DNA sequence: TCTTAATTACGACATTATTCGTAGAAAGAC
DNA sequence: GTCTTTCTACGAATAATGTCGTAATTAAGA
C-alpha cells in the first residue's frame, strides 16, 4: 500500500459536493447548487461558501478565467472513500474490517455478477496469504 | 428484516462510551472515564455530561439506587452499528454496499477462517437469489 | 461532629459546521 | 450608457458537539 492519505476528510456537505463533481466533472457553483437542490433545499450562497472553503482546504481547485469560476475536484473518489472508510471502521467496528464486511453483506441483495466478483476477490486474498 | 431502527445515531463521543459499556458491562461514570483516559485525556465532568445526555436520549439507562449511578447500555451493539453503517453507505458510497465491501476487503488481511466464513455467507446469498 | 473526598447537576464557553444576508464587481440586454 | 441579472467575497448568525468550572449533595473517616 503505497500512498496513504494524510488528511483529506471532507465534511458531510463537502462530500456531497465532491460527489457531484466526480459524477459530472468540473462545474460551476450554480450547477452544483442546482444538483443539490434536486435532493434538498440549499441557498446559492451556502453552496458557494462551502465550495470556497473547499478551495482553501485543497479539496477542489478552481479556474477563475471567466467570471463564473469552474471548480475541479482535487481529490480522488477512491482515495477519499478509503480514508473515510478507515476512520469509520476504527470508530464503529473498533478496527475490524471483517465485521463490517459481514454486516454490510448481510444487508445487501447482490446480483450473480457481484457475487462472482466477490468470490474472485476472496480467491485472490487466499493466495496472498500463502 | 424485521426491526428497523428509527433514530439511534449516537455521536462520536457517545459511541465511544457505548463501546466501553458493551465491552465491560454496566458501569459508573468514574470507570468509563478512566477507560476513556487510556486513549486520550478527558475530564471527568465531560464524561459525566455526555452520559447524562445519553440518558436523556435513551441511549443508556441508569441505576440511581446508590449515590454512584450505574449506567447500562440501552441499545444493542449490532443494531447501532447497522444503523451507522446504513447512513455511511448512503453518504459515502451513494447507497452501494457492494462497493464498500469490495474496498473494505481490499484493505484487509483476512485469516483462512474468515475467508471460509465469507465464502459461506456468499453461498447463502446465492441461494437466496433463486 | 467536623472535615475531606467523591459524586451529580447545571450552566457557560469553545469549536466546528452550516446557513444565509448583503455588498460590490462584472456581464449582458436594451 | 443605464438597468438588470449574475456572480464572488465576506462576515455574521445559528446549531450541534464537546469541554469544563463551580456549586450542591452525599458519604465516609478522623
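Protein chains in written order, with my numbering: chain A, 6 to 135; chain B, 6 to 135.
The beta carbon of each residue, even a glycine, is placed where N, CA and C say it ideally should be.
Bear in mind the structure is a predicted one, so any value in this text is a computation, not a measurement.
{"Item": "Positions along the region 80-98 of chain A whose CB lies within less than 9 Å of some CB in chain B", "Value": "83, 85, 86, 87, 89, 90, 91, 93, 94, 96, 97 and 98"}
{"Item": "Buried versus exposed, by CB contacts within 10 Å (16 or more), residue 32 of chain A", "Value": "buried"}
{"Item": "Coil, strand or helix - residue 68 of chain B by DSSP", "Value": "strand"}
{"Item": "Minimum C-alpha distance to residue 18 of chain B - residue among B:30, B:29 and B:44", "Value": "B:44"}
{"Item": "Where residue 101 of chain A falls: helix, strand or coil (DSSP)", "Value": "coil"}
{"Item": "8 Å Cβ shell around residue 96 of chain A - same chain, five flanking residues per side excluded", "Value": "none"}
{"Item": "Candidates A:104, A:130, A:28 and A:85: closest to residue 90 of chain B by CA position", "Value": "A:104"}
{"Item": "Three or more C-beta pairs below 8 Å linking the region 46-60 of chain A and the region 20-38 of chain A", "Value": "yes"}
{"Item": "Own chain residues within Cβ distance below 8 Å of residue 64 of chain A, not counting five before or after", "Value": "13, 15, 19, 23, 78, 79 and 80"}
{"Item": "Unbroken beta strand (DSSP E) run spanning residue 77 of chain B, endpoints", "Value": "75-78"}
{"Item": "Length of the line joining the Cα atoms of residue 115 of chain A and residue 88 of chain B", "Value": "20 Å"}
{"Item": "Residue(s) in a DSSP beta bridge with residue 32 of chain B", "Value": "B:76"}
{"Item": "Neighbourhood of residue 94 of chain A by C-beta, 8 Å cutoff - its chain only, sequence neighbours within 5 removed", "Value": "100, 101, 102 and 105"}
{"Item": "Burial state of residue 85 of chain B (16 or more Cβ within 10 Å)", "Value": "buried"}
{"Item": "Cβ of residue 110 of chain A within 8 Å of any chain B Cβ", "Value": "yes"}
{"Item": "Contact residues within the region 41-60 of chain B, judged by C-beta distance below 9 Å to chain A", "Value": "none"}
{"Item": "Chain-ordered neighbours of residue 126 of chain A on chain B, where CB pairs are closer than 7 Å", "Value": "107 and 110"}
{"Item": "Cβ pair residue 127 of chain A, residue 126 of chain B closer than 8 Å", "Value": "no"}
{"Item": "Cβ pair residue 50 of chain A, residue 37 of chain A closer than 8 Å", "Value": "no"}
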